[in-house]
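Following my numbering, the numbering of the sequence shown begins with 1 at its first residue and continues without gaps.
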Amino acid sequence: MTDSTTQHTNAMILNGKELSNQIKVEIAEQVKAIVDSGKRPPHLAAILVGEDGASKTYVKNKELACERVGFASTLLRLDASTSEEDLLQKIAEINANPDIDGLIVQLPLPKHISENKVTQAIDPTKDVDGFHDVNVGKLTKGEDTFISATPYGIIQLLDRYNIETSGKHCVVVGRSNIVGRPMSILMSRSDNPGNSTVTLCHSRTKNLGDFTRMADILIVALGRPEFVTGDMVKPGATVIDVGISRVDADNQRGYVLKGDVEYDSCAAVAGAITPVPGGVGPMTIIGLLQNTLKSYQLRNA
Ligand code: GUN
Numbered sequence: 001m002t003d004s005t006t007q008h009t010n011a012m013i014l015n016g017k018e019l020s021n022q023i024k025v026e027i028a029e030q031v032k033a034i035v036d037s038g039k040r041p042p043h044l045a046a047i048l049v050g051e052d053g054a055s056k057t058y059v060k061n062k063e064l065a066c067e068r069v070g071f072a073s074t075l076l077r078l079d080a081s082t083s084e085e086d087l088l089q090k091i092a093e094i095n096a097n098p099d100i101d102g103l104i105v106q107l108p109l110p111k112h113i114s115e116n117k118v119t120q121a122i123d124p125t126k127d128v129d130g131f132h133d134v135n136v137g138k139l140t141k142g143e144d145t146f147i148s149a150t151p152y153g154i155i156q157l158l159d160r161y162n163i164e165t166s167g168k169h170c171v172v173v174g175r176s177n178i179v180g181r182p183m184s185i186l187m188s189r190s191d192n193p194g195n196s197t198v199t200l201c202h203s204r205t206k207n208l209g210d211f212t213r214m215a216d217i218l219i220v221a222l223g224r225p226e227f228v229t230g231d232m233v234k235p236g237a238t239v240i241d242v243g244i245s246r247v248d249a250d251n252q253r254g255y256v257l258k259g260d261v262e263y264d265s266c267a268a269v270a271g272a273i274t275p276v277p278g279g280v281g282p283m284t285i286i287g288l289l290q291n292t293l294k295s296y297q298l299r300n301a
């Protein structure tokens, strides 16, 4: 029911959870064909250093996703006190293992370990996170590579929901190496999805709302819960919320998950929007699975 005083809109919900389940079925079919032909399945290895609660959840979800599609997976759990040298040694062993196609080291790492040294130590042909300089360079040049998992997942979400990007103004908020910057590059590339005019905003941007209100596609990856409010969104825009913060709450878990976008006020204005949870998060895992499958295919070509 509508009345004259309440604004009711029908923002399309970009359901990453549902779409990811559909894509997992597609990947599982490909894996089944591989295994039926007598070959080993794709194999993803993950290294988790320390006890960070969110990282443990992410790695567990990645393992479960591997199981769902029929990949082999190996999880190496290392103590928070593990030395950088020992971690680099483990990476070298996995790089040399011909039965492993993809390797991720879950970030963040304990302070005494250089994230840069670690990500650069991974064999670029097994770097299914797409964090190695070689793969970042290829992405920047528009060459075929491992696109880092979250941007890759968002690209597929836009693609599968037929969101037009060509000639549109895409505003990315956040310039991280994992999401914001690669996302800005992908949206400006000469491809579909892509061909957008891109503005990259960040913590030093003045009058942020003036930019976000110009966005046909607004991608927010700041890590600040409910930072973007409905008044910052252009009517009809597509809003992609990459944030997933644990905010203290008086419930059994002790927290609730919040995106960077204030959902209700933005959904009332947007044409399409991703929920948190169940939007970008599950699509990130799809990006990782697809990169692992691609690595497998390249090494078994
Ligand atoms: N920490 C947060 N996001 C990611 C990711 O996509 N990959 C890894 N390895 N660590 C992360």
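Backbone N, C-alpha and C define an ideal beta-carbon position, used for all residues, glycine too.
- The C-alpha of Ser55 is placed about 31 angstroms away from the C-alpha of Ala270.
- Shortest gap from the CB of Asp144 to any heavy atom of the ligand GUN: 8 angstroms or more.
- In chain order, the residues with a C-beta atom nearer than 5 angstroms to some heavy atom of the ligand GUN are Ile104, Gln106, Leu107, Asp129 and Ala149.
- According to DSSP, Ile219 shares a beta bridge with Val172 and Ile240.
- Under the 10 Å beta carbon count, Lys60 is surrounded by fewer than 16 other beta carbons and is classified as exposed.
- In the same chain as Leu158, and ignoring 5 residues on each side of it, the C-beta atoms closer than 7 angstroms to its own belong to Thr165 and Pro193, in chain order.
- Unbroken alpha helix (DSSP H) stretches of 4 residues or longer found wholly inside the segment 126-195: 133-141, 149-160 and 180-188, given in chain order.
- Around the C-beta of Arg253, fewer than 16 other C-beta atoms lie within 10 Å, and the residue is accordingly described as exposed.
- In the same chain as Ser73, and ignoring 5 residues on each side of it, the C-beta atoms closer than 8 angstroms to its own belong to His43, Leu44, Ala45, Ala46, Lys62, Glu63, Cys66 and Glu67, in chain order.
- Burial is judged here by how many other beta carbons sit within 10 angstroms of a residue's own beta carbon; Val173 has at least 16 and is buried.
- The beta carbon of Val198 sits closer than 7 angstroms to those of Cys170, Val172, Ser184, Met187 and Ser188, all from its chain and outside the five residues before and after it, given in chain order.
- For Asn177, the closest C-alpha among the options Glu85, Gly167, Gly53 and His132 is that of His132.
- Contact check for Thr238 against Leu222 fails: the beta carbons are separated by 9 angstroms or more.
- Proximity of the segment 69-87 to the segment 107-120 meets the contact definition, three or more beta-carbon pairs being nearer than 8 angstroms.
- One alpha carbon belongs to Gln290, the other to Ile27, and they sit about 8 angstroms apart.
- Where Ser73 is concerned, there is no enclosing alpha helix (DSSP H), although the beta strand (DSSP E) around it starts and stops at Ala72 to Leu78.
- Arg246 sits in a strand when the DSSP states are folded into three classes.
- 9 angstroms or more divides the Cβ of Pro282 from the Cβ of Ile244.
- Listed in chain order, the beta strand (DSSP E) runs fully inside the segment 48-113 are 72-78 and 102-105, counting runs of at least 3 residues.
- Around the Cβ of Gln156, a 10 Å sphere holds 16 or more other Cβ atoms; the residue is buried.
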